[in-house]
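Residue numbers (our numbering): 14 to 292.
Yeah, the Cβ is synthetic: ideal placement off N, Cα and C, and Gly gets one too.
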Ligand SMILES: Nc1ncnc2c1ncn2[C@@H]1O[C@H](COP(=O)(O)OP(=O)(O)OP(=O)(O)O)[C@@H](O)[C@H]1O
Ligand SMILES: [Mg+2]
């Protein structure tokens, strides 16, 4: 069991007793340039994005269209040159403990075992006692199906297990916003499918505002309430699709495949248009 004040006992509205509800996000007119010795890259152009508290958004686009840059700006890890980000109405000026990022590479600490890695995520919760932290870490390892591997070291885990540990580490501090940058792309198809089911289940039980970046349109349709398409040079939001398929969604369902096909066609159209405009 998890203590009150963390997310274990969510009410129907998704608000933990004593905890804070998932935070809405507002991205307003965000633009970003990178200056290198050789060139100036216009990475993002006038990005507007509104995410409701508890909503699951998937950002999709080809390599280099600015997805990670946008996620980093929402996280407060990178500053926009123009525009601003508000999380729960507050200006984002740097990283905050309520907004956590889960990267493509799990970035676990090799000198900690599985339990130690999840405990690390709880360091930013000074209000918890040591025993509460241990309890929360155990609960989250249970949640991702790794309770038995609590004492294993990172090098003893498969890629999928590492991503599960990273997921437990991201979820344990009960962030109000979880930002995921291609968290599953390094995994084999079967492991990925299991994690699609797990992520949907965890999100249902412990609501959060999630922004997930992916190249994979089917993955986006499987997970997202909304799929947001981006195109490159400069990175722009082109179109949004609301996905109203019932949950839990099966990545292999024909209905999902049909929607993914339509979105892929739209994505290709935007890419062609962006390339033509850049010529
Ligand atoms: N630190 C940086 N310095 C210079 N240019 C950068 C930097 N970070 C990103 N860029 C450039 O900004 C653009 C957007 O990069 P970004 O990493 O956000 O793309 P992405 O959509 O996440 O791509 P991918 O799908 O390959 O991860 C690219 O042209 C990239 O080369
Ligand atoms: Mg990226």
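Check: In whole angstroms, what separates the C-alpha of residue 99 from that of residue 49?; Outcome: 28 Å
Check: Quick check: the region 96-110 against the region 68-79, are there 3 or more CB pairs under 8 Å?; Outcome: no
Check: Kindly list the residues whose CB is nearer than 6 Å to the CB of residue 254, restricted to its own chain and excluding five residues on each side of it in sequence; keep chain order.; Outcome: 240 and 276
Check: If you measure between the beta carbons of residue 260 and residue 213, is that distance less than 7 Å?; Outcome: yes
Check: Would residue 60 pass as a contact of residue 39 if the rule is Cβ separation under 7 Å?; Outcome: no
Check: Considering only C-alpha positions, which residue in the set 238, 202, 271 and 263 is nearest to residue 256?; Outcome: 238
Check: With DSSP as the reference, identify every bridge partner of residue 95, one or two as the case may be.; Outcome: 44
Check: Taking only heavy atoms of ligand 1 into account, decide whether any of them is closer than 6 Å to the Cβ of residue 54.; Outcome: yes
Check: With H, G and I counted as helix, E and B as strand and the rest as coil, what does DSSP make of residue 68?; Outcome: coil
Check: Ignore the nearest five residues each way along the sequence and tell me which others in residue 294's own chain have a CB closer than 7 Å to its CB.; Outcome: This structure cannot speak to residue 294, because the chain is shown only from 14 to 292.
Check: Is DSSP giving residue 257 helix, strand or coil here?; Outcome: coil
Check: Should residue 71 be counted as a contact of ligand 1 given a C-beta to heavy atom distance under 6 Å?; Outcome: no
Check: Would DSSP call residue 284 helix, strand or coil?; Outcome: helix
Check: Identify the continuous alpha helix (DSSP H) that holds residue 204 and give its terminal residues.; Outcome: 202-218
Check: Just to confirm before moving on: does the CB-CB distance between residue 126 and residue 153 stay below 7 Å?; Outcome: no
Check: Helix, strand or coil for residue 23, going by three-state DSSP, please let me know.; Outcome: With a pLDDT of 33 at residue 23, under the threshold of 50, the modelled position of this residue cannot be trusted, and the question is left open.
Check: Out of 144, 141, 172 and 181, point me to the one whose CA is closest to residue 160's CA.; Outcome: 181
Check: Would you mind stating whether residue 246 and residue 291 have Cβ atoms separated by less than 7 Å?; Outcome: yes
Check: What are the partner residues of residue 126, as DSSP defines its beta bridges?; Outcome: 166
Check: Might you give, ordered along the chain, the residues of its own chain that have their beta carbon closer than 6 Å to the beta carbon of residue 62, omitting 5 neighbours on each side?; Outcome: 40
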